[in-house]
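J.: Using my numbering, the letters of the sequence shown correspond one by one to residues 6 to 118.
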Amino acid sequence: MDCIFCKIASKEIPSKIVFENERIIAFEDINPKAPTHILIIPKKHIPYIAEIKKEDIPLVGELIYVARKIAEEKELDKDGYRLVFNNGKNAGQEVFHIHLHLLGGRKFGWPPG
Ligand code: 5GP
Ligand code: ZN
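Listed below in structure tokens is the structure:
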């Protein structure tokens, strides 16, 4: 399958990995939008939020749990951080393999741009 994040998960494409287990891999974003910008993805190919199945609920929950652990390791939890799923055209989703953005190290605006 021609999916860049599947290739990162299989190490076919190199990335700066910050966490990995059997189900999930987290790596630094190649074009960071904040001092810390990490992408947390399931190894399973799920293209959009709408493709999440009931059986994926624990997996999707674990993405958030992994984000929390990385945020704590990087001491982002004191000042706060942002977790984002871009889904579809209006949100600017570019890679069609779901990924949770962990952004930290600066103050973020609200509402988002
Ligand atoms: P989206 O807009 O789909 O939510 O975010 C996709 C993200 O993936 C972007 O922040 C982009 O910089 C990142 N990205 C795209 N291609 C690569 C890549 O080959 N390696 C890494 N590490 N990040 C990538
Ligand atoms: Zn994929």
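The C-beta atom is built at its ideal place from N, Cα and C for all residues, glycine as well.
Compute the Euclidean distance between the alpha carbons of residue 44 and residue 36, then round it to the nearest angstrom.
T.: One C-alpha to the other measures close to 11 Å.
J.: Rounding to the nearest angstrom, what Cα-Cα distance links residue 69 and residue 118 in this structure?
T.: C-alpha separation (whole angstroms): 23 Å.
J.: Does the beta-carbon of residue 7, which I'm using as the reference point, lie nearer than 6 Å to any heavy atom of ligand 1?
T.: Checking the Cβ of residue 7 against ligand 1 gives no.
J.: Report yes if the C-beta of residue 90 is less than 6 Å from at least one heavy atom of ligand 2; otherwise report no.
T.: Checking the Cβ of residue 90 against ligand 2 gives no.
J.: Shortest alpha-carbon distance to residue 75 belongs to which of 59, 23, 15?
T.: Nearest option by C-alpha distance: 23.
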